[in-house]
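Novice: Numbering (the numbering used here), first residue to last: 25 to 175.
Below you'll find the structure I mean.
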């Protein structure tokens with residue numbers, strides 16, 4: 025089941041972020057979660073939209089963090105929707121969960137009156153690039169650090 029994240033999800037959200045960003049300090053990752061959540065709930069802003077996938081055992085096994093970026097260098101039609109992070113536990117991959125998370129995020133972006141959804145990834149992550157291309161994203165930018173895709 026896909027649903028919006030709540031504060032009760034912080035521990036599992038952090039666990040998944042640690043898997044996605046193993047080079048990052050856990051305290052930094054938790055601070056980012058708290059900042060994303062407090063800004064969204066305390067200030068009432070909708071700059072971030074966080075969805076989680078809750079599996080049949082009522083455990084979280086995926087998430088997507090989508091934002092509205094006020095400016096995107098090199099793109100004239102800012103602001104735009106942006107997938108900041110997408111993760112599905114290895115045991116739940118290849119079941120369509122990531123595709124569903126992206127689709128739900130895209131619906132949210134469109135509900136905010138934005139038309140384009142962007143994502144970037146490290147060029148070494150060929151599996152991620154192939155996934156995004158398989159669901160209709162097209163490459164629009166590239167450098168040694170990242171590939172930018174949109175649909």
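Don't be surprised by glycine CBs; every beta carbon is placed ideally from N, CA and C.
All figures in this text were calculated on a predicted structure; none of them were measured in a lab.
1) Restricting to Cα atoms, I'd like to know which of 96, 60 and 39 is closest to residue 50.
2) Which value, in whole angstroms, describes the spacing of the CA atoms of residue 104 and residue 46?
3) Helix, strand or coil for residue 116 per DSSP?
4) Suppose only complete runs of 4+ residues qualify. What are the alpha helix (DSSP H) ranges in the segment 38-91, listed by chain order?
5) Sort out for me which residues DSSP pairs residue 171 with in a bridge.
6) Just how far apart, CA to CA, sit residue 143 and residue 123?
7) Going along the chain, which residues of its own chain have a beta-carbon closer than 6 angstroms to the beta-carbon of residue 116, five neighbours each way excluded?
8) Expressed to the nearest angstrom, what Euclidean distance is found between the alpha-carbon atoms of residue 44 and residue 140?
9) Which residues share a DSSP beta bridge with residue 28?
10) For a quick check, are the C-beta atoms of residue 90 and residue 62 less than 8 angstroms apart?
11) Quick one: Cα of residue 81 to Cα of residue 93, how far?
12) For residue 107, which of 127, 118 and 54 has the nearest alpha-carbon?
13) Looking only at its own chain, which residues have a Cβ that is under 8 angstroms from the Cβ of residue 57, when we skip the five neighbours before and after it?
14) Rounded to a whole number of angstroms, what is the C-alpha to C-alpha distance between residue 145 and residue 32?
15) Quick check on residue 95: does DSSP put it in helix, strand or coil?
16) Taking 7 angstroms as the cut-off, is the beta-carbon of residue 38 closer than that to any non-hydrogen atom of the ligand FAD?
Specialist: Reading from the atomic positions:
1) Checking every option, the nearest Cα to that of residue 50 belongs to 39.
2) Rounded to the nearest angstrom, the two C-alpha atoms are 28 angstroms apart.
3) Three-state DSSP puts residue 116 in a helix.
4) Runs of the alpha helix (DSSP H) inside the segment 38-91: 50-66.
5) Residue 171 is bridged by DSSP to 145 and 166.
6) So the alpha carbons of these two residues sit roughly 14 angstroms apart.
7) The residues are 85.
8) Residue 44 and residue 140 have their C-alpha atoms spaced approximately 24 angstroms apart.
9) According to DSSP, which records beta bridges pairwise, residue 28 is partnered with 75.
10) It is not a contact, given that the beta carbons lie outside the stated cut-off.
11) Using only the alpha carbons, I get a separation of about 35 angstroms.
12) It is 127 whose Cα lies nearest to the Cα of residue 107.
13) Cβ neighbours of residue 57 beyond the five flanking positions: 34, 37, 38 and 41.
14) Across the structure, residue 145 and residue 32 are spaced so that their CA atoms are roughly 29 angstroms apart.
15) The answer is coil: DSSP assigns residue 95 none of H, G, I, E or B.
16) Only the bare structure without any ligand can be found here, which leaves the ligand FAD out of the picture.
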